Amino acid sequence: MTEVLRAPLVVEFPFTRSLGPVQSAFLTGLRERTVLGVRTSDGRVAVPPLEYDPVTAAELRDLVEVGTTGTVTTWAWNERPRPGQPLATPFAWVLVRLDGADTALLHALDASGPDAVHTGMRVRIRWAAEPAGAITGIACFEPAGPAADPGAPGAATAPPAATPHDGTFADPVTGIVAAARLDYTYSPGRAQTAYLDALAERRTVGERCPRCRKVYVPPRGACPTCGVATTDRVEVGPRGTVTTFCIVNIKAKNLDIEVPYVYAHIALDGAGLALHGRIGGIPYDRVRMGLRVEPVWTDGSRHPDHYRPTGEPDAPYDTYKELL
Amino acid sequence: MSKEPVAVVGIGQTKHVAARHDVSIAGLVREAARRALDDAGLDWPDVDAVVIGKAPDFFEGVMMPELYLADALGAVGKPMLRVHTAGSVGGSTALVAANLVAARVHRTVLTLAFEKQSESNAMWGLSLPVPFQQPLLAGAGGFFAPHVRAYMRRTGAPDTVGSLVAYKDRRNALKNPYAHLHEHGITLAKVQASPMLWDPIRYSETCPSSDGACAMVLTDRAGAARAPRPAAWLHGGAMRSEPTLFAGKDFVSPQAGKDCAADVYRQAGITDPRREIDAVEMYVPFSWYEPMWLENLGFAAEGEGWKLTEAGVTELDGDLPVNPSGGVLSTNPIGASGMIRFAEAALQVRGAAGEHQVPGARRALGHAYGGGAQFFAMWLVGSEPPQT
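Sequence order for the protein chains is U and G. Throughout the first sequence, residue numbering follows the working numbering, covering 11 to 334 in sequence. Throughout the second sequence, residue numbering follows the working numbering, covering 17 to 404 in sequence.
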């Protein structure tokens, strides 16, 4: 049995996000090195701020400014930072309750090692060198030292309380771009691997369902109607019939095909359902349902480049009407 | 023990537009939910559970809307469920919510569906670069256009029918303040002159990309008795699915759609849908799907759907108005589009559809489908409670 194919599949897209009034004020504040929270229905201060109260569901708009120094409420050491994380060197993930806030903010703490981190330690914001209207506007947290402990001898004052803030800044940040990326290893499985191996020899091989006798091309290893495994390999085509089609008049991104062109459903002889392909070798406006076609292969391509007319008489509608 | 009758007592939509840059996704869903609660005369504590639906995750990259949106929807401390059936999701979400009431699991359920197409990319979400596979060569409409041609071949429908549907739905949208497209200068000639994108589908016969949300409050008999406005009553609801591709699949009239409609009519005691149903909100993303679904849903015999459209039967003043709201052709926040169909059907039988009201509508069908004609969801609502 041949080896089953595998290949990386990367799914990556930059999603845009409109922020709405509360997150807009919060992220614009970070750019201006001001940390804003919001007062919840029961009078507590949530940082980061919330748009809606988690207890009463009330709309929250009462913004307050909190301190840039705070207390670690819990933490976890990250020995091996991954790409895209706040620091490239080992660091602690920390929840920090900023002075004046009642909830904690998740961020990174730049510390020399796990022995240098403890719950209750005082930390302060290290702002990013380049101001940013995003959570990355905070580069990370850093130890604030014992002098910042309000209980310590020589400490200046108790932590300041939150102070009202109208959330207004010049040139507010109204949206962010959130890049998403997922890395998969994709395998098409046994049946499709055999199909792809046959394509390399310019043959099309499907699998027949032992129950309904239909031939699946490409095969999937099972019949979706009968729910049984398909193991009986059957070569189909190479010729087939155009069962239906459309004429594409708009150029798709990433496709180097001159418009107009015909995109068709093609039932290869012996196949139980149609596959999709482009029709060439005939003016686009002369393509019709029932047209008999054959694949045209190009070097270096796994799939047929397109299908062209064979010159045979058109197939009668009744022979393909179940294969549209 | 019989099922609890289910009443729709609150409906809320956002004004659907191309881009809502002024609100977060939370702010968008909140707007629709708040309007539905106001319509029902209720507040957040009156809701027992929340059921939410949205388009496939890759469309806008929100993988757990039930987690992110719990605060905005007042769901903290309550059951919250997420439903996931591609383009039909708005319909199946409403049905899951309705079943919770019918089964007496919860008395009052808030259900909501949304999409911010401006912050997502449906085409990308549907075209992942799967290794070894031949890329789709045609774009969104290229998936649908061959099925339209197959319908035309099968029925002998003249190629003028698609434009009639688009012209009707865009005019209906002018009477719906929540519709996205308000094309005040629309004429049939303009539709017919619009570019042929994926022949036989013209530009004006395709749906727009919209930002929007739709919410409904569903409740039991006692809840309906307290409601300040008339309820729409659920008379039948069903979902069906089938594979996207299989040997013998009929894309023009999928078996799952026929079975789903038959189940709904059986529950509602409907034997002649054409005569007994007063208004239909069906999921028509490309204009030709109106005649196709008229046949699939049993409003016309096979091959005859286009004749109803051509004769004006589906116009707002015809005897079977289809998409009085303007339909998906005028408003398409994908994840919400199915729920908008269900909500608009309910508005009709509540007599609350405003300028696009079908006079005296007593029974209306809401229809949703999605995922390559893979999922179907429908409900039939009436102005009177079901006879149990």
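C-beta atoms are modelled at their ideal positions from N, C-alpha and C, and glycine is treated no differently. Only a predicted model underlies this, so the values are computations on that prediction, with no experimental measurement involved.
Note down the Cα distance separating Val397(G) from Trp322(G), rounded to an integer number of angstroms.
Answer to the nearest angstrom: the Cα atoms are 25 angstroms apart.
Could you name the residues of chain U that Gly43(G) contacts, counting a contact when the two beta carbons are closer than 7 angstroms?
Simply Gly30 and Glu61.
Compare the C-beta of Pro224(G) with all C-beta atoms of chain U and state if any pair is closer than 7 angstroms.
Interface with chain U (7 angstroms Cβ-Cβ cutoff): Pro224(G) is excluded.
Would you say Glu135(G) lies against chain U (beta-carbon separation less than 7 angstroms)?
Flagged as an interface residue toward chain U: Glu135(G), by a C-beta distance shorter than 7 angstroms.
Just checking: is the beta-carbon of His37(G) within a distance shorter than 7 angstroms of some beta-carbon in chain U?
Yes, His37(G) counts as interfacial toward chain U.
Does any residue of chain G have a CB that is nearer than 7 angstroms to the CB of His316(U)?
So, not an interface residue.
Please classify Lys31(G) as buried or exposed, where buried requires at least 16 neighbouring CB atoms within 10 angstroms.
With fewer than 16 other Cβ atoms from the protein chains shown falling within 10 Å of its own Cβ, Lys31(G) counts as exposed.
With burial defined as no fewer than 16 other Cβ atoms inside 10 Å of the residue's Cβ, what is the status of Ala102(G): buried or exposed?
With 16 or more Cβ atoms within 10 Å of its Cβ, Ala102(G) is classed as buried.
Run through DSSP, which three-state label would Ala362(G) get?
Note: Ala362(G) maps to helix in three-state DSSP.
Return helix, strand or coil for Val20(U), following the three-state DSSP convention.
In the three-state reduction of the DSSP assignment, Val20(U) falls in the strand class, which pools E and B.
Would the segment 19-33 of chain U count as touching the segment 110-130 of chain U if we require 3 or more Cβ pairs under 8 angstroms?
Using a Cβ-Cβ distance cut-off of 8 angstroms, the segment 19-33 of chain U and the segment 110-130 of chain U are not in contact, since fewer than three pairs of beta carbons, one from each stretch, lie closer than that value.
Drop a sphere of 10 angstroms on the beta-carbon of Glu211(U), count the other beta-carbons inside from all chains shown, and report buried for 16 or more, exposed for fewer.
Exposed, since its Cβ has fewer than 16 Cβ neighbours within 10 Å.
Please say whether Tyr317(U) and Gly287(U) have beta carbons closer to each other than 7 angstroms?
Yes, they are a contact pair.
Taking only beta-carbon atoms, is Gly158(G) less than 7 angstroms away from chain U?
Chain U, which has a Cβ nearer than 7 angstroms to the Cβ of Gly158(G), makes this yes.
Taking the alpha carbon of Gly199(U) as the point to measure from, which residue in Pro147(G), Tyr305(G) and Arg50(G) has its own alpha carbon closest?
Among Pro147(G), Tyr305(G) and Arg50(G), the Cα nearest to that of Gly199(U) belongs to Pro147(G).
Do you know offhand how far Asn348(G)'s Cα is from Phe74(G)'s?
Linking Asn348(G) to Phe74(G) through their CA atoms gives a straight-line distance of about 17 angstroms.
In angstroms with no decimal places, state the Cα-to-Cα distance between Gly164(U) and Pro153(U).
Low per-residue confidence applies at Gly164(U): pLDDT is 49, beneath 50, and the placement is therefore not dependable enough to give any value.
Option in Gly388(G), Ala361(G) and Arg290(G) with minimal Cα separation from Ala272(G)
Between Ala272(G) and the set Gly388(G), Ala361(G) and Arg290(G), the nearest pair of CA atoms involves Gly388(G).
Taking 8 angstroms as the threshold, find out whether the segment 249-265 of chain U comes into contact with the segment 151-164 of chain G through three or more Cβ pairs.
At 8 angstroms Cβ cutoff, the stretches touch.
Check whether the segment 290-310 of chain G touches the segment 243-262 of chain G, counting contact only when three or more Cβ pairs, one atom from each stretch, lie closer than 8 angstroms.
Cβ pair count under 8 angstroms is below three, so no.
Cα-Cα, which of Arg378(G), Ala384(G), Leu332(G) and Trp140(G) is closest to Met355(G)?
If you compare the alpha carbons of Arg378(G), Ala384(G), Leu332(G) and Trp140(G) with that of Met355(G), the shortest gap goes to Ala384(G).
Check whether the Cβ of Gly26(G) lies closer than 7 angstroms to any Cβ atom in chain U.
Judged by the 7 angstroms Cβ criterion, Gly26(G) is not in contact with chain U.
Does Gln95(U) pass the burial test, meaning 16 or more other C-beta atoms within 10 Å, or should it be called exposed?
Its Cβ having fewer than 16 others within 10 Å, Gln95(U) is exposed.
Reduced DSSP secondary structure (H/G/I, E/B, other) of His196(G)
Look at His196(G) here: in three-state DSSP terms it is coil, with no helix or strand label.
Taking buried to mean at least 16 other C-beta atoms within 10 Å of its own C-beta, is Leu108(U) buried or exposed?
Buried: at least 16 other Cβ atoms inside 10 Å.
What residue range does the beta strand (DSSP E) around Trp140(G) cover?
Element bounds for Trp140(G): not the beta strand (DSSP E) but the alpha helix (DSSP H), Ala138 to Leu142.
Leu335(U) to Val225(U) span [Cα, whole Å]:
Summary: the structure shown does not reach residue 335(U), with chain U confined to residues 11 through 334, and so no result is reported for it.
Note down the Cα distance separating Thr79(U) from Ser353(G), rounded to an integer number of angstroms.
Taking the straight line joining both Cα atoms gives about 47 angstroms.
Where does Phe151(U) sit, in a helix, a strand or coil, going by DSSP?
Of the three classes helix, strand and coil, the one that applies to Phe151(U) here is strand, per DSSP.
Beta-bridge partners of Arg187(G), as assigned by DSSP:
Paired residue(s): none; Arg187(G) is not in a bridge.
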